[in-house]
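Asker:
Numbering (our numbering), first residue to last: 28 to 547.
So, in structure tokens, the structure goes:
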């Protein structure tokens, strides 16, 4: 195990001030658990995200942030003891009030934190935090079954408690927040490259939780936001819904401000969301790291971010909007400046955005088929289809009906065709166009009737259809699209010769078509 501490614990820390309040944080991350537990992937990244937002927007100086990475139980105890000693000295020597923020990301059960092959009793950990001389203590545990700290199944919003930290801590006590109830698992996400709870907690601290729109994110605001969004996100996962919990024991009145959304330097930019909605922000491009998420039913939320290029995705019930936006240093930007592209339903599925598992809807078409055999000439076909679009493939059942007439001075023939085919295609999207290529397989009924001065017996026959298909689609409005198609189609037919013998015919022909469809 290695212990990474980016504070000068041995040299002492000069506490950062917000008025007369010193702010100190201990951040612990461990991907390793007990034997048999799945190795986590993002505990280190979770610690980095929390440290970054506390330093940039919470008034914590880098030297006041202690990070213990892959530490064992003894190293965590040692860090807590050292910090508590320094806080006690600070309080005694300077009479300053201290805020102590503790965060843990890693494995745990209802009784122990699992730090590699060592364990730290949850109750001991809690007592060491509560025993600090700091006037106000915040403990956040992002781990499985961490709700044992609070013994609350789930959590319900309450009347906000107040702790003023503008110039002094008008309150004292301890607040404990956990990412899951005492019998639930905490979940990581490859999409967010981190814990689901921490993702929403950090997004809230960046401004998404500023319900009052006063430019300050309070402890209760960020808890309520992380609670609601974690439940919403995990309700769509296989592991099931995860309920963050809280417990507080405080005295006094005020409002505990964890982060402030002020442009106080050239290393910051703000983005205001003047339209309500759900927005996801990635750094630089669509495959970049997820920076924050905003989910609000009301306009006016604002994020404070590092300057640079962001890829923004807005999720709506009926469409996806996405595109890049550049945030300039020291500038207040609005989402109204964002140039986005509307993404059709089927593209939502192909992008794997997690909003839809399938897109589907009716399709009407006109197609022109070339000649099959000498007595079965070209035909106009009218049809209906119902495409089912999945992430990697689309499946389209189609039925078509057509009728053609041919003849000479002595004989007129009428041919009716009814075909039922299944297209399986793979689609590629670019700009406003979608190209799909694939195979088709189906059956066909061909019926011929004749008019002549003599007698001519009609023929009914069934056959198979197989071939290749290519389509080019363009989206119009939100859910509607137009499509042109080209098919190379082979008919497999059994025909009788003049001698009465049967033979197999495999004529190859072409089909061109135009269609209009919509997706649900």
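Using N, Cα and C, we set each Cβ at its ideal position, and we do this for glycine too. Computed from a predicted structure; not experimentally measured.
1) For a quick check, are the C-beta atoms of residue 397 and residue 518 less than 7 Å apart?
2) Count Cβ pairs between the region 359 to 371 and the region 411 to 430 that sit closer than 8 Å; are there 3 or more?
3) What residues in its chain sit with their C-beta under 6 Å from that of residue 493, if we drop five residues either side in the sequence?
4) Within 10 angstroms of its Cβ, does residue 570 collect 16 or more other Cβ (buried), or is it exposed?
5) On the three-state DSSP scale, how would you describe residue 323?
6) Output yes or no for whether 7 Å exceeds the beta carbon distance between residue 551 and residue 399.
7) Are the beta-carbon atoms of residue 250 and residue 204 separated by less than 7 Å?
8) Run through the region 60 to 91 for me and flag every whole alpha helix (DSSP H) of 4 or more residues, listed as ranges in chain order.
9) How would you write the range of the alpha helix (DSSP H) that residue 465 sits in, first residue to last?
10) I think residue 432 touches residue 425, with their Cβ atoms under 8 Å apart; what is that distance to the nearest whole Å?
11) Shortest alpha-carbon distance to residue 126 belongs to which of 52, 135 and 69?
12) Report the start-end ranges of each alpha helix (DSSP H) in the region 325 to 388 that is 4 residues or longer and not cut off at the edges.
13) So, at 6 Å on beta carbons, what are the nonlocal neighbours of residue 511 in its own chain, with the 5 sequence-adjacent residues on each side left out?
14) Quick one: give me the first and last residue of the alpha helix (DSSP H) that residue 256 is part of.
15) Run through DSSP, which three-state label would residue 429 get?
16) Given this structure, state the Cα-to-Cα distance separating residue 392 from residue 376, to the nearest angstrom.
17) Out of curiosity, what's the CA-to-CA distance linking residue 463 and residue 387?
18) So, is residue 419 buried or exposed, given that buried needs 16 or more other C-beta atoms within 10 angstroms?
19) Helix or strand or just coil, what does DSSP make of residue 238?
20) Per DSSP, what kind of secondary structure is residue 295 in: helix, strand or coil?
21) With DSSP collapsed to three states, give me the class of residue 121.
22) Taking its Cβ as the centre, do 16 or more other Cβ atoms sit within 10 Å of residue 256, making it buried, or is it exposed?
23) Distance, Cα to Cα, residue 325 vs residue 293?
24) With residue 288 as the anchor, note down where its beta strand (DSSP E) starts and where it stops.
25) Quick check: what's the CA-CA separation for residue 303 versus residue 329?
26) Tell me residue 450's beta-bridge partners as DSSP assigns them.
27) Compare the Cα-Cα distances from residue 314 to each of 334, 322, 297 and 338 and report the closest residue.
28) Under three-state DSSP, which class holds residue 502?
29) State the start and end residues of the unbroken beta strand (DSSP E) segment that holds residue 403.
30) Taking just the CA atoms, how far does residue 363 sit from residue 242?
31) The beta strand (DSSP E) that contains residue 146, what's its start and end?
32) To which residues of the same chain is residue 142 closer than 6 Å at the C-beta, ignoring the five residues directly before and after it?
33) Classify residue 120: buried if its beta carbon has 16 or more other beta carbons within 10 angstroms, exposed otherwise.
34) Would you call the region 152 to 162 and the region 72 to 86 in contact, with 3 or more CB pairs under 8 Å?
35) Tell me whether residue 115 sits in a helix, a strand or coil according to DSSP, three-state version.
36) Going by DSSP in three states, residue 170 sits in which element: helix, strand or coil?
Answerer: So, to answer that:
1) Contact: no.
2) Taking 8 Å as the limit for Cβ pairs, the verdict is that the region 411 to 430 does not touch the region 359 to 371.
3) The residues are 468 and 517.
4) Nothing in the structure corresponds to residue 570, since the chain is present only between 28 and 547.
5) Residue state for residue 323 is assigned as strand, using DSSP reduced to three classes.
6) Residue 551 is absent from the structure shown; the chain starts at 28 and stops at 547.
7) Less than 7 Å separates the beta-carbon of residue 250 from that of residue 204.
8) The qualifying runs are 70 to 84.
9) In the DSSP assignment, residue 465 falls outside any alpha helix (DSSP H) and lies within the beta strand (DSSP E) extending over 460 to 479.
10) Residue 432 to residue 425, Cβ: 24 Å. No contact.
11) Closest in alpha carbon position to residue 126, among 52, 135 and 69, is 52.
12) Segments of the alpha helix (DSSP H) lying fully in the region 325 to 388: 372 to 377.
13) Cβ within range, chain order: 499 and 541.
14) Counting along the chain, the alpha helix (DSSP H) containing residue 256 begins and ends at 246 to 261.
15) Note: residue 429 maps to strand in three-state DSSP.
16) Residue 376 has its alpha-carbon roughly 23 Å from the corresponding atom of residue 392.
17) Approximately 16 Å, taken between the alpha carbons.
18) Exposed, since its Cβ has fewer than 16 Cβ neighbours within 10 Å.
19) Coil, per DSSP.
20) Residue 295: coil per DSSP, three-state reduction.
21) Of the three classes helix, strand and coil, the one that applies to residue 121 here is helix, per DSSP.
22) With 16 or more other Cβ atoms within 10 Å, it is buried.
23) The alpha-carbon atoms of residue 325 and residue 293 are separated by roughly 29 Å.
24) Here residue 288 belongs to no beta strand (DSSP E), and DSSP marks it neither H nor E.
25) Each residue's Cα considered, the two are about 11 Å apart.
26) BP columns for residue 450 point to 423 and 467.
27) Of the listed residues, the one whose Cα sits closest to residue 314 is 338.
28) Residue state, collapsed to three classes: strand.
29) Residue 403 -> no beta strand (DSSP E), and no H or E assigned at all.
30) A direct Cα-to-Cα measurement between residue 242 and residue 363 gives close to 20 Å.
31) 145 to 148 is the extent of the beta strand (DSSP E) around residue 146.
32) Result list for residue 142: 57, 99 and 100, in chain order.
33) Answer is exposed; the Cβ neighbour count stays below 16.
34) Because the criterion of three Cβ pairs below 8 Å is not met, the region 152 to 162 and the region 72 to 86 do not touch.
35) Reduced to three states, the DSSP call for residue 115 is helix.
36) Of the three classes helix, strand and coil, the one that applies to residue 170 here is coil, per DSSP.
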